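Chemist: Before I ask anything, here is the structure I am working with.
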Amino acid sequence: MSLSLAARHSWFEATARARLAGLLDAGSFREILPPAESQPSPHLAQLDLPGAFDDGVVVGSGRLAGRTVLVAAQEGQFMGGAVGEIHGAKIVGLLRRAVEEKPAAVLLLIDSGGVRLHEANAGLIAISEIMRAVLDTRAAGVPVLALVGGTCGAFGGMGIVAKLCSAIVISEEGRLALSGPEVIETVMGVEEFDAKDRALVWRVTGGKHRYLMGDCATLVDDDIAAFRAGASAFLAGWTEPAPSLAGLR
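Sequential numbering of the sequence shown, starting at 399, is according to my numbering.
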């Protein structure tokens, strides 16, 4: 995908692979575990549910403005980007590779409602392993940047993962929270929070609100080229700080 095409392409509407194609330098992406080497989730097969050859996440390496980066892009159109055992293992493996290879950064293109409930504890363990791997990667001096602007946003465990990253680049269409609107409505009641009220949902979890509250480093347009520019500009001026107890307070 050329940069001119990326400039006309909505991040919110794009697939995971289209986002990667427009985000990275042209022709630089190399997929780890391509279709011929991938394995679908055994848990979904046991439940007679359809799987995907990449289990809803694409991982690989590429270049961003000439810098070598490792990338993971979640596919929100497959089971809401939910994290299962294989999905999580691919992200963890990528982060562990970053600790060894020391790329300029790891980019997590988050588009997920959180844990894949169909896989129960396997999904919960996968999320916890991603959290640990993000912190290990940052402790090794490699920044981890979350890009949030997809249809599913960053909720549940992946909302926590996003906040563990060095920084978050988000669009106004992006959403970031721990509990999703439907969960809040179920617990608190529709009178307290109406999940069908889109204006309310975006006022509470939307990208502009999160940026104004200081939860995100950069607010960009819903545009693949804008995400590319935002990520590149942030990394150009960022040095991952050494881990310290003060940083945890």
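Note that beta-carbon positions come from the ideal geometry of N, C-alpha and C, so glycine has one too. Every value quoted in this text rests on a predicted model; they were computed, and no experiment measured them.
Counting along the chain, where does the alpha helix (DSSP H) carrying L533 start and finish?
Modeler: Start at 1 with the first residue of the sequence shown, and residue 533 comes out as number 135. It spans N519 to A537 - the alpha helix (DSSP H) in which L533 sits, taken as one unbroken run.
Chemist: By the 10 Å Cβ neighbour count, where 16 or more other Cβ atoms means buried, how is Q437 classified, buried or exposed?
Modeler: Locating residue 437 in the sequence shown gives position 39, counting from the first residue. Classification of Q437: exposed, given that the 10 Å Cβ count is below 16.
Chemist: Is there contact between the stretch 583–592 and the stretch 559–567, where contact requires at least three CB pairs shorter than 8 Å?
Modeler: Result no; under three Cβ-Cβ pairs closer than 8 Å.
Chemist: Could you compute how far the alpha carbon of R601 sits from the alpha carbon of F410?
Modeler: Locating residue 601 in the sequence shown gives position 203, counting from the first residue. Locating residue 410 in the sequence shown gives position 12, counting from the first residue. Going from the Cα of R601 to the Cα of F410 covers about 18 Å.
Chemist: By the DSSP assignment, the beta strand (DSSP E) with G458 in it spans what residues?
Modeler: As a first step, residue 458 is located in the sequence shown; it is residue number 60 there, counting from the start. Its beta strand (DSSP E) spans residues V455 to L462.
Chemist: Please report how far the alpha carbon of L468 lies from the alpha carbon of P501, in whole angstroms.
Modeler: On the sequence shown, residue 468 is found 70 positions in, with the first residue counted as 1. On the sequence shown, residue 501 is found 103 positions in, with the first residue counted as 1. Roughly 7 Å separates the two Cα atoms.
Chemist: Tell me which same chain residues have a C-beta within less than 6 Å of the C-beta of A624, skipping the five on either side of it?
Modeler: As a first step, residue 624 must be located in the sequence shown, where it is residue number 226. So the list reads V618, once near-sequence residues are dropped.
Chemist: Tell me whether the beta-carbon of G474 lies closer than 8 Å to the beta-carbon of G548.
Modeler: The residue given as residue 474 occupies position 76 in the sequence shown. The residue given as residue 548 occupies position 150 in the sequence shown. Yes, Cβ-Cβ distance for G474 and G548 is below 8 Å.
Chemist: Please list, in chain order, all residues of the same chain as T466 whose beta carbon is under 6 Å from its beta carbon, the five residues on each side excluded.
Modeler: As a working note, residue 466 is residue 68 in the sequence shown. Contacts found: P501 and A502.
Chemist: Counting C-beta neighbours from all protein chains within 10 Å, is the total for P541 16 or more, i.e. buried, or is it exposed?
Modeler: As a working note, residue 541 is residue 143 in the sequence shown. By the 10 Å Cβ count, P541 comes out buried.
Chemist: Buried or exposed: R536, going by 16 or more other Cβ atoms within 10 Å of its Cβ?
Modeler: Position 138 of the sequence shown holds residue 536. It is buried - the Cβ of R536 has at least 16 other Cβ atoms within 10 Å.
Chemist: Please determine, among A470, L447, L462 and P440, the residue with the shortest C-alpha to C-alpha distance to E429.
Modeler: For the purposes of this step, residue 429 is taken as the residue at position 31 of the sequence shown. Among A470, L447, L462 and P440, the Cα nearest to that of E429 is on A470.
Chemist: Between the stretch 568–583 and the stretch 522–532, do three or more beta carbon pairs fall short of 8 Å?
Modeler: Taking 8 Å as the limit for Cβ pairs, the verdict is that the stretch 522–532 does not touch the stretch 568–583.
Chemist: My output table needs one value for T584: the three-state DSSP class, helix, strand or coil.
Modeler: Against the sequence shown, residue 584 aligns to sequence position 186. Looking at T584 - three-state DSSP - the assignment turns out to be helix.
Chemist: According to DSSP, is V540 helix, strand or coil?
Modeler: In the sequence shown, the residue the question calls residue 540 occupies position 142. V540: coil per DSSP, three-state reduction.
Chemist: So, at 7 Å on beta carbons, what are the nonlocal neighbours of V490 in its own chain, with the 5 sequence-adjacent residues on each side left out?
Modeler: Taking the sequence shown and counting its residues from 1, the one referred to as residue 490 is at position 92. Hits under 7 Å: E527, I528 and A531.
Chemist: Note down the Cα distance separating G478 from D613, rounded to an integer number of angstroms.
Modeler: Your numbering for residue 478 matches position 80 in the sequence shown. Your numbering for residue 613 matches position 215 in the sequence shown. For G478 and D613, the distance between alpha carbons rounds to 23 Å.
Chemist: If you draw a straight line from the alpha carbon of Q472 to that of G482, how long is it in whole angstroms?
Modeler: The sequence position of residue 472 within the sequence shown is 74, counting from 1. The sequence position of residue 482 within the sequence shown is 84, counting from 1. Distance between the alpha carbons of Q472 and G482 is about 12 Å.
Chemist: If you run the structure through DSSP and keep just helix, strand and coil, what is E435?
Modeler: Counted from its first residue, the sequence shown places residue 435 at position 37. The answer is helix: DSSP assigns E435 an H, G or I state.
Chemist: Rounded to whole angstroms, what is the Cα-Cα separation between L447 and A434?
Modeler: Mapped onto the sequence shown, residue 447 falls at position 49. Mapped onto the sequence shown, residue 434 falls at position 36. Taking the straight line from one Cα to the other gives about 21 Å.
Chemist: Under 8 Å Cβ to Cβ from T584, same chain only, skipping five residues before and after it: list those, please.
Modeler: If you number the sequence shown from 1, residue 584 lands on position 186. Taken in chain order, the list of residues that qualify is empty.
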